[in-house]
Amino acid sequence: MRVVVEKLTKRFGGVVALDDVSMEVPSSSKVGIIGPNGSGKTTLFNVITGYYTPEKGKVLIGDGKKLTDITGWNPNEIARLGVVRTFQIPRLIPSLTVLENLLIFYDYNRCASIGYALRRKWLECEKKAVSKAMGILREFGLLEISNKKPSELSAGHLKLVETLRGLMADARVFLLDEPFAGIETWMARRLIEVIKMINSERKATFIVIEHRISELLEGVDYIYVLHNGRLLAEGKPGEVINDERVVKAYLGG
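Each residue of the sequence shown is one higher than the one before, counting from 13 in this note's numbering.
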């Protein structure tokens, strides 16, 4: 699924968080967004996913040339289109196990027909949901943590489980907000492989905000740089990292 942002502007009082920002994320691509703290990265995610409404501009998603203007839609409406996001601090439900945290992202609307009102049919639907969740955990080598609560997991596993919840919802666009923050290097590399696997096998689109540049370079094919709410640079990872404007604004050169 393709994501297009057109001339977005978002203000908070006198502060311009996003200033005429435009970008295009092709379907099935892996795109990174970098920039100093306060550059507008998370605000951009909040606008795309419906948590904020911009003063100006549009957010469009869709396949091929057919795009839907989702500007101003609420987060639930956008999620139903197959757009999911993670947060800097994972938002798993503390009282639920890993398996249960996956199950709540299953599309139970398919069970809501008159036929599924019968208990037998509902149980069949629940069985399908559990089977799907266990299949995801098995595929990514996480069966051993299926019955653990979030408090029992490492930071890396929390990030991984939050990302995999999107598979339960058959997500087509994943927005990951600092997925590598606070996790060990080996776990970051594992998460990179998960991202690549989902992208390759399910043709999902990824937009990743990250400060850990070395890991981001391994996981994406294109990068946008935000600075003071404006788009500073864009291009292939190697080109962007060597851009003098980026070095000066972001890398401290």
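Glycine included, every Cβ here is placed at the ideal spot set by N, Cα and C.
*On the three-pair Cβ rule with 8 Å, is the segment 104-116 touching the segment 83-92?*
Counting C-beta pairs closer than 8 Å gives fewer than three between the segment 104-116 and the segment 83-92, which falls short of the contact rule.
*Only counting runs of 3 or more residues, tell me where the beta strand (DSSP E) segments fall wholly within the segment 123-202, in order along the chain.*
If we require 3 residues or more, the beta strand (DSSP E) runs fully inside the segment 123-202 come out as 185-189.
_Exposure of Met13, with buried meaning 16 or more beta-carbon neighbours within 10 Å_ = Its Cβ being crowded by 16 or more others within 10 Å, Met13 is buried.
*Buried versus exposed call for Asn49 [16 or more other C-beta atoms within 10 Å across all chains shown]*: Around the Cβ of Asn49, a 10 Å sphere holds fewer than 16 other Cβ atoms; the residue is exposed.
*With a cut-off of 8 Å on the beta carbons, I'd call Val17 and Val33 a contact; round off their distance for me.*
Their Cβ separation, rounded to whole angstroms, is 6 Å, which keeps Val17 and Val33 in contact under 8 Å.
*Let me know the alpha helix (DSSP H) ranges lying completely inside the segment 32-81, each 4 residues or longer, listed in chain order.*
Here the runs fully enclosed are 53-60.
*asked:* Buried or exposed, going by whether 16 or more other CB atoms sit within 10 Å of the CB of Asn58?
replied: Burial call: buried.
*Could you give the distance in angstroms between the alpha-carbon of Val258 and the alpha-carbon of Lys161?*
The C-alpha of Val258 lies about 41 Å from the C-alpha of Lys161.
*Counting Cβ pairs, one atom from each stretch, are 3 or more of them under 8 Å apart for the segment 64-72 and the segment 174-188?*
Using a Cβ-Cβ distance cut-off of 8 Å, the segment 64-72 and the segment 174-188 are not in contact, since fewer than three pairs of beta carbons, one from each stretch, lie closer than that value.
*Would you call the CB atoms of Gly62 and Pro38 closer than 7 Å?*
No, Cβ-Cβ distance for Gly62 and Pro38 is not below 7 Å.
*Give a yes or no on whether the C-beta atoms belonging to Asp189 and Ile221 are separated by under 7 Å.*
Yes; because the gap between Cβ atoms is below 7 Å, this pair is in contact.
*asked:* Please classify Lys42 as buried or exposed, where buried requires at least 16 other C-beta atoms within 10 Å of its C-beta.
replied: Answer is buried; the Cβ neighbour count reaches 16.
*So what does Thr247 bridge to, in DSSP terms?*
Reading off the sequence shown, one finds Gly at residue 247, where the question assumed Thr. For Gly247, the pairing in a beta bridge is given by DSSP as Ile235.
_Between which residues of its own chain and Asn159 is the CB-CB distance below 6 Å, once the five residues before and five after are set aside?_
So the qualifying residues of the chain are Thr109.
_Nearest-angstrom beta carbon gap, Ile46 and Thr237 [assumed within contact, 8 Å]_ = This sequence places Val at residue 237; Thr is not what is there. 5 Å between Cβ atoms; contact.
*Please state if the CB of Pro191 and the CB of Leu176 are separated by a distance shorter than 7 Å.*
With contacts defined by Cβ atoms closer than 7 Å, Leu176 and Pro191 do not form a contacting pair.
*Please confirm whether any heavy atom of the ligand MN lies closer than 6 Å to the CB of Asp119.*
The model depicted lacks the ligand MN and carries no ligand whatsoever.
*Compare the beta carbon distance of Ala200 and Glu227 with 7 Å and say whether it is the shorter of the two.*
Judged by beta-carbon spacing, Glu227 lies within the 7 Å limit of Ala200, meaning their Cβ atoms are closer than that value.
*asked:* Just to confirm the assignment, what range does the alpha helix (DSSP H) spanning Lys260 have?
replied: Where Lys260 is concerned, the enclosing alpha helix (DSSP H) starts and stops at Glu256 to Ala261.
*Contacts around Leu270, its chain only, beta-carbon distance under 7 Å, and the 5 residues preceding and following it disregarded*: With the chain represented from 13 up to 265, any question about residue 270 goes unanswered, as that position is not in the structure.
*asked:* For the beta strand (DSSP E) containing Ile219, name the first residue and the last one.
replied: Segment Thr217 to Ile221, the beta strand (DSSP E) holding Ile219.
*Please determine, among Gly74, Ala29, Lys77 and Met35, the residue with the shortest C-alpha to C-alpha distance to Thr54.*
Measuring from the Cα of Thr54, the nearest candidate turns out to be Ala29.
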